[in-house]
Structures are given as C-alpha cells and as structure tokens.
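Residue numbers (full-length UniProt numbering): 1 to 138.
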C-alpha cells in the first residue's frame, strides 16, 4: 500500500504561506487565550497574540510554538452602558401553584395566619448527638 503525503524538506522546499493562512483557524495578529502547560481543564488561561503560522496545527504565540488545541479565540469585551428599563408589569413577581390557588380562595389572610400557628412543629430526635471522631487522625 502506498500513501501519498505532501512532504516538504525544511530549508530546501519553500513553504506556501498563503495556503497556510487560508486553511488555519488563526491568523497572525489574532488575540487568543493560551492554556498553560501541565494545567487541567479548570486552570486559568493566559492572553497572547498569534505572531506566526507554522502549519495548520501549530502557530507561534508571542514567539512560542503552540498547538491549536491549546488555543481559544479571544474577543475583548467593550464595556456597554446597561440600559435599565422598568415596567410596572414586571415589578411584582407572583407565582401561584395549582394546589394553593384552589385551597386559599375562600380563606381570609387572617384565618390563614391563624392556621399557621395551629400547625405542629416537627418532632426532634431524642438521640444524643456526638461529634465525629476520626480514629486515623489521632
């Protein structure tokens, strides 16, 4: 079986700069977020700028070659003025559950307050609570 790969010898064969720029997801001058080495997914990325395209899978960020998987596009957010609109309709938030609306239609607010006082409080356990003791820590 014979595979036909595009092979190029560095320093001998010229690099097709225009083809690399068109194929790659990053262009020189793009601002990117760079994942630091030996960092898990929750690590903080650092800002950088693409300075050169090495191949369709590698670019130079601030002079350091990086794989495109370690980069994310970064678009700086411009501060926008927050426009606050107040509608009289949205001032009050009223949530009615289906079971509550049927039960409370004929009951006054005073009677509902009286019923709350008549309810029994939940029972408390008679078990004596002891703090946890770790036998391995001693």
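Just so it is clear, CB atoms sit at the ideal spot from N, CA and C, and this is done for glycine as well.
Is the number of C-beta pairs between the segment 56 to 75 and the segment 22 to 36 that are closer than 8 Å three or more? yes
Of all the options 129, 58, 135, which has the alpha carbon lying nearest to the alpha carbon of residue 24? 58
Residue environment, residue 101, which counts as buried when at least 16 other CB atoms sit within 10 Å: At residue 101 the pLDDT is 48, less than 50, meaning the model places this residue with poor confidence and gives no usable figure here.
For the pair the segment 43 to 62 and the segment 7 to 14, tell me if three or more CB-CB distances fall below 8 Å. no
Between the CA atoms of residue 66 and residue 60 - distance to the nearest angstrom: 6 Å
Using DSSP's beta-bridge definition, name the partner residues of residue 154. In the structure as shown, the chain begins at 1 and stops at 138. Residue 154 is therefore absent and cannot be evaluated.
Helix, strand or coil: which one does DSSP assign to residue 12? coil
Our contact map puts residue 76 next to residue 120 with C-beta atoms below 8 Å; I'd like the distance itself, whole angstroms only. Not really, about 60 Å apart at Cβ, beyond 8 Å.
If you draw a straight line from the alpha carbon of residue 45 to that of residue 64, how long is it in whole angstroms? 15 Å
Kindly indicate which three-state DSSP category residue 39 falls into: helix, strand or coil? coil
Have a look at the DSSP bridge pairing and note the partners of residue 66. 59
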